[in-house]
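Peer 1: Supplied in structure tokens, the structure appears directly below.
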Amino acid sequence: MGIRGFGSDNFSGVLPEVFKALEESAYGHAHSYGEDSYTEKAVADFKEIFGEDIDVYFVYNGTGANILSLSAFTNSYNAIICAETAHINVDECGAIEKQTGSKLLTVPTFDGKLNVGLIQNHMHHFGDQHHVQPKVISLTQCTELGTVYSRDELKEICDFAHAHDMYVHMDGARVANAIAHLGCSPASITKEVGIDVMSFGGTKNGMMFGEAVIFFNTRISKEVKYIRKQLMQLHSKTRFIAAQFSAVLKNDLWLKAAAHSNAMAKNLANAAEQIPSVTLTQKVEANEVFAIIPRDKIQKLQDECFFYVWDEDAAEVRWVCSFDTTENDIVEFANLLRQELC
1 MGIRGFGSDN FSGVLPEVFK ALEESAYGHA HSYGEDSYTE KAVADFKEIF GEDIDVYFVY
61 NGTGANILSL SAFTNSYNAI ICAETAHINV DECGAIEKQT GSKLLTVPTF DGKLNVGLIQ
121 NHMHHFGDQH HVQPKVISLT QCTELGTVYS RDELKEICDF AHAHDMYVHM DGARVANAIA
181 HLGCSPASIT KEVGIDVMSF GGTKNGMMFG EAVIFFNTRI SKEVKYIRKQ LMQLHSKTRF
241 IAAQFSAVLK NDLWLKAAAH SNAMAKNLAN AAEQIPSVTL TQKVEANEVF AIIPRDKIQK
301 LQDECFFYVW DEDAAEVRWV CSFDTTENDI VEFANLLRQE LC
């Protein structure tokens with residue numbers, strides 16, 4: 001067996017606490033479709049973090065979480081503004097546009113982050129029946145390039161959106177990594193800045209399966225249960241998703257796991273940037289490292305330790321660390337890089 005890969009945090013295993021929670025919830029009978037004590041407990045756990053005035057819906061996966069989030073705020077004649085690199089644009093097979101009927105208006109960025117100036121480029125034709133009507137701004141936190149929005153950056157975008165009768169969605173597949181990086185409270189970069197709805201990641205941060213959709217704008221979420229059912233995201237045995245969330249939210253395990261993966265990425269970046277033929281292309285603020293390396297060495301390195309090529313034209317690669325990445329994993333991969341690239 002070669003060196004453990006750096007392909008994705010989806011490659012990682014499951015936190016022991018999650019296994020234990022699944023085992024404990026597996027015995028006996030419980031009501032289905034979320035009418036069980038485990039789901040009630042997990043919702044209460046989220047309210048401990050974000051406050052009582054939220055609605056929480058559990059779903060199977062990240063694409064389902066994003067579709068459910070965006071479906072609640074859009075009609076088929078609306079548009080969703082997002083970064084060109086956004087997961088909803090690049091990696092969800094057109095699911096958002098198919099399921100919501102809304103058009104994605106994409107914005108080129110250098111670091112994956114939107115700002116008001118970039119968003120302004122799509123703020124046209126309001127009230128014109130010949131054009132789609134922008135209704136939602138979708139932000140990814142952390143971005144697909146591993147960068148993190150600050151509280152002030154988020155608030156500026158949310159204030160701008162609300163001033164134009166628009167909403168803000170946060171794709172928080174890696175929101176734990178952003179919070180760990182910023183050292184802030186979870187509510188301070190979500191609810192308190194004006195985020196209307198967030199897809200809250202679990203699978204990339206130590207869970208076996210399952211995500212949550214958290215509505216901070218509860219005026220919109222009252223009929224979301226019907227949308228979730230139509231989207232086939234209502235798990236009959238919801239307790240198995242809910243029990244995992246209670247496990248990772250307990251004692252800030254989700255933040256500790258994210259902080260560890262962030263630290264491993266920083267260690268890897270520090271080692272890689274000492275190699276003359278490696279050029280880091282983004283600030284390492286979360287658990288991902290982006291780098292340009294010699295094109296003719298990529299396949300050999302991948303054979304020894306799998307990772308993805310991010311931009312084939314630029315020979316840019318992505319290395320992702322997880323909650324179970326070890327110091328030894330970093331040392332072995334750094335040694336491999338030095339061996340092949342120096």
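Just so you know, full-length UniProt numbering puts 243 at position 243 of the sequence shown, and the rest follows in order with no gaps.
Don't be surprised by glycine CBs; every beta carbon is placed ideally from N, CA and C.
1. With respect to the alpha helix (DSSP H) encompassing F245, which residues constitute its N-terminal and C-terminal limits?
2. F290 by DSSP, collapsed to three states: which one?
3. Should the segment 267 to 274 be called in touch with the segment 224 to 234, which here means at least 3 C-beta pairs below 8 Å?
4. Less than 8 Å between the beta carbons of T63 and E92, yes or no?
5. Which first and last residues belong to the alpha helix (DSSP H) in which I96 is found?
6. What is the residue span of the alpha helix (DSSP H) that I275 lies within?
7. Determine contact between the segment 239 to 258 and the segment 296 to 315, defined as no fewer than three beta-carbon pairs at a distance below 8 Å.
8. How should F126 be labelled, buried or exposed, when 16 other C-beta atoms within 10 angstroms of its C-beta is the threshold for buried?
9. To which residues of the same chain is I292 closer than 7 Å at the C-beta, ignoring the five residues directly before and after it?
10. Short check: CB of I81 to CB of L70, under 8 Å?
11. For E211, report the span of its beta strand (DSSP E) as first-last.
12. Is it right to say M232 is buried, meaning 16 or more other beta carbons lie within 10 angstroms of its own, or is it exposed?
13. Output needed for A21: all residues of its chain with C-beta closer than 7 Å, excluding positions within five of it in sequence on either side, in chain order.
14. How far does the beta strand (DSSP E) with A79 in it extend, from its first residue to its last?
15. Once you ignore the five residues that flank G101 on each side, which residues in its own chain have a CB closer than 7 Å to its CB?
16. Assign V168 to one of three DSSP states: helix, strand, or coil.
17. Taking the alpha carbon of N217 as the reference point, which residue from R4, C158, K41 has its own alpha carbon closest?
18. Rounded to whole angstroms, what's the CA-CA distance from residue 343 to T143? Just pull it up for me.
19. According to the neighbour-count rule (16 or more other Cβ atoms, all chains shown, within 10 Å of its Cβ), is K98 buried or exposed?
20. For Q339, which residues of its own chain have a beta-carbon under 7 Å away from its beta-carbon, when the five flanking residues on both sides are left out?
21. When you compare the segment 252 to 265 with the segment 25 to 38, are there three or more beta-carbon pairs, one atom per stretch, that lie closer than 8 Å?
22. Could I get the ranges of all uninterrupted alpha helix (DSSP H) runs contained in the segment 85 to 161, with 4 residues as the minimum, in chain order?
23. For a minimum of 4 consecutive residues, which ranges assigned as the alpha helix (DSSP H) are wholly contained in the segment 3 to 65?
24. Can you tell which of N335, R295, H260 has its C-alpha closest to the C-alpha of C321?
Peer 2: Let me lay it out:
1. Translated into the one-based positions of the sequence shown, residue 245 becomes position 245. That run of the alpha helix (DSSP H) goes 239 to 249.
2. Here residue 290 corresponds to residue number 290 of the sequence shown, with the count starting at 1. Assigned with DSSP and collapsed to three states, F290 falls in strand.
3. Touching, no, given that fewer than three Cβ pairs across the two stretches are closer than 8 Å.
4. To locate residue 63, count along the sequence shown from 1; it is residue 63. To locate residue 92, count along the sequence shown from 1; it is residue 92. Cβ distance < 8 Å, so T63 and E92 count as in contact.
5. Position 96 of the sequence shown holds residue 96. Per DSSP, I96 belongs to the alpha helix (DSSP H) from 95 to 100.
6. Against the sequence shown, residue 275 aligns to sequence position 275. Unbroken run through I275: none, as it is neither H nor E.
7. Output reads no: the segment 296 to 315 does not touch the segment 239 to 258.
8. Within the sequence shown, numbered from 1, the residue matching residue 126 stands at position 126. Exposed, by the Cβ-count rule.
9. Position 292 of the sequence shown, counting from 1, holds the residue named residue 292. The residues are T279, T281, A314, A315, E316.
10. Taking the first residue of the sequence shown as position 1, residue 81 is located at position 81. Taking the first residue of the sequence shown as position 1, residue 70 is located at position 70. At least 8 Å separates the beta-carbon of I81 from that of L70.
11. Start at 1 with the first residue of the sequence shown, and residue 211 comes out as number 211. Note, E211: beta strand (DSSP E), 211 to 215.
12. Here residue 232 corresponds to residue number 232 of the sequence shown, with the count starting at 1. M232 should be labelled exposed.
13. Taking the sequence shown and counting its residues from 1, one reaches residue 21 at position 21. Cβ neighbours of A21 beyond the five flanking positions: A243, Q244, S246, A247.
14. Position 79 of the sequence shown, counted from the first residue, corresponds to residue 79. A79 -> beta strand (DSSP E) spans 78 to 83.
15. Position 101 of the sequence shown, counted from the first residue, corresponds to residue 101. Here the set comprises S76.
16. Taking the first residue of the sequence shown as position 1, residue 168 is located at position 168. The answer is strand: DSSP assigns V168 an E or B state.
17. Counted from its first residue, the sequence shown places residue 217 at position 217. Nearest of R4, C158, K41 to N217, Cα basis: C158.
18. Examination of residue 343 is not possible in this model, given that the chain is present from 1 through 342 alone.
19. Here residue 98 refers to the residue found at position 98 when the sequence shown is read from its first residue. The residue in question, K98, is exposed, as its Cβ has fewer than 16 Cβ neighbours within 10 Å.
20. Locating residue 339 in the sequence shown gives position 339, counting from the first residue. Closer than 7 Å at the Cβ level, and outside the excluded window around Q339, lies no residue.
21. no
22. DSSP assignment within the segment 85 to 161 yields the following whole alpha helix (DSSP H) runs of 4 residues or more, N-terminal first: 87 to 90, 95 to 100, 116 to 119.
23. 16 to 25, 37 to 50
24. Translated into the one-based positions of the sequence shown, residue 321 becomes position 321. It is H260 whose Cα lies nearest to the Cα of C321.
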